[in-house]
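S.K.: Sequential numbering of the first sequence, starting at 1, is according to UniProt numbering.
Ideal placement from N, C-alpha and C gives every residue a C-beta, glycine not left out.
Please read all numbers here as calculations on a predicted model, not as lab measurements.
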Amino acid sequence: MPEMPEVETVRRTLLPLVKGKTIQAVTVWYPKIIASDSEQFIQQLVGKKIETIDRYAKYLLIRLSDQLTIVSHLRMEGKYRLVEVNTPKDKHDHVQIAFTDKTALRYNDVRKFGRMQLVKTGTEKEVTGISKLGCEPNSSEFTTQYLINTLSRKKKNIKNALLDQTIVAGLGNIYVDEVLWQTKIHPLSLANQIPQFQGHQLHDNINELIDLAIKKHGTTIHTYLDANGDTGDFQKLLKVYGHKGEPCSRCGVLLEKIKVSGRGTTFCPNCQVIYK
DNA sequence: AGCCTGCCCTGGCGGC
DNA sequence: TGCCGCCAGGGCAGGC
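1. Which of the three DSSP states, helix, strand or coil, is assigned to asparagine 270?
2. Okay, do the stretch 254-270 and the stretch 197-205 touch, 3+ Cβ pairs below 8 Å being the bar?
3. Starting from tyrosine 241, follow the alpha helix (DSSP H) in both directions and report where the run begins and ends.
4. If you follow the alpha helix (DSSP H) that valine 179 is part of, which residue opens it and which one closes it?
5. Would you kindly work out how many angstroms separate the C-alpha atoms of lysine 102 and arginine 111, rounded to a whole number?
6. Please say whether glycine 218 and proline 16 have beta carbons closer to each other than 7 Å?
7. Count the other C-beta atoms from every protein chain shown that fall within 10 angstroms of the C-beta of valine 253, then say buried if there are 16 or more, exposed otherwise.
8. Quick check: the Cα distance between serine 36 and leucine 14, rounded to an integer number of angstroms?
9. When you compare only the Cα positions, how much space is there between glycine 78 and asparagine 270?
10. Using only the alpha-carbon positions, how far apart do glutamine 145 and arginine 75 sit?
11. Which partner residues of serine 72 appear in the DSSP bridge assignment?
12. Quick one: Cα of isoleucine 210 to Cα of tyrosine 241, how far?
13. Is the beta carbon of glutamate 136 sitting closer than 7 Å to the one on alanine 57?
14. Going by Cα to Cα distance, which pick from Gln44, Lys154, Asp230, Phe267 is closest to arginine 81?
15. Can you name the start and end residues of the beta strand (DSSP E) that leucine 254 belongs to?
16. Could you check if glutamate 39 is buried or exposed, using at least 16 other CB atoms within 10 Å of its CB as the buried criterion?
17. Going by beta carbon distance, what residues of the same chain come within less than 7 Å of threonine 121, once the five residues before and after it are set aside?
18. Could you round the C-beta distance between proline 192 and lysine 155 to whole angstroms and report it? I think they count as a contact, below 8 Å.
19. Apart from the five residues on each side of it in sequence, which residues of its chain come closer than 7 Å, Cβ to Cβ, to tryptophan 181?
20. In this structure, what does DSSP give as the bridge partners for threonine 135?
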């Protein structure tokens with residue numbers, strides 16, 4: 001499931017594959033993937049050139065000539081790969097962007113949760129979802145004081161607070177479980193009851209974890225692959241996610257898994273402190 | 001306004 | 001072996 005480190009890895013691997021290419025034709029096999037009007041999406045892309053790819057939180061921003069941007073969210077299982085244009089369509093290929101050099105960018109998504117849409121460059125922050133995003137880990141806005149102040153105003157539990165993209169943009173289920181373990185905070189702790197010293201620690205750990213995960217090319221749990229079809233490496237470093245029933249690497253007590261608002265949540269019942 | 005629930009989707013797996 | 005139901009979960013609509 002791509003979170004910010006995975007999306008950043010996709011951005012880095014995808015860019016050299018498509019940069020400078022000119023779009024010749026677009027095929028949409030499953031129109032619901034296109035959040036904007038899919039006929040317009042197809043027509044407006046033809047003839048445009050891919051200039052660069054940016055990322056904002058978990059969103060890819062594919063920059064095109066003529067001030068156009070494809071806003072793309074991979075959600076759970078979206079993947080991009082570059083193919084020869086006549087490569088047979090995979091069952092889960094939903095969009096093809098064919099270039100003038102006979103290659104094509106394929107968007108593949110088993111669950112069909114991912115979305116893309118075309119906007120005028122510069123207006124992407126008005127897109128539903130992006131408009132409400134909070135600041136990103138390792139950004140200048142994401143200060144210790146920002147995190148502490150924001151959490152102190154939230155009555156929900158810390159697990160939900162960190163998954164809330166309007167508070168911190170880019171974390172998902174895996175990295176939230178990891179960072180809470182790292183900081184020794186129980187996932188059901190109330191956000192506004194986290195003591196200051198833990199708020200500090202949480203801030204630093206979020207930055208370090210995201211930074212390290214990007215260096216390791218993300219985490220491959222289920223099917224995540226980058227644009228070259230390679231897996232990430234961070235899964236080897238996971239301390240709690242996917243380790244239910246195994247001894248905590250810090251204290252040896254068996255890790256437990258619970259549901260928090262429908263999200264699977266793994267934690268150490270011994271060394272993660274609950275603040276209520 | 002803030003918070004929570006259900007829904008979108010499909011494949012994989014456990015249980016019988 | 002086959003079928004059924006459940007689980008995975010990011011983000012959004014809708015409800016309270």
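M.R.: Looking at the coordinates:
1. coil
2. no
3. Here tyrosine 241 belongs to no alpha helix (DSSP H), and DSSP marks it neither H nor E.
4. 173-183
5. 28 Å
6. no
7. exposed
8. 23 Å
9. 36 Å
10. 30 Å
11. Leu60, Met116
12. 15 Å
13. yes
14. Asp230
15. Premise fails: leucine 254 is in no beta strand (DSSP E) and is neither H nor E.
16. exposed
17. Arg63, Gln67, Leu68, Thr69
18. A quick correction: the sequence has asparagine, not proline, at residue 192. Correct: roughly 6 Å between the Cβ atoms.
19. Lys239, Val240, Phe267, Cys268, Gln272
20. Before going on, a small fix: residue 135 reads as cysteine here, not threonine. Note: cysteine 135 sits in a beta bridge opposite Val168.
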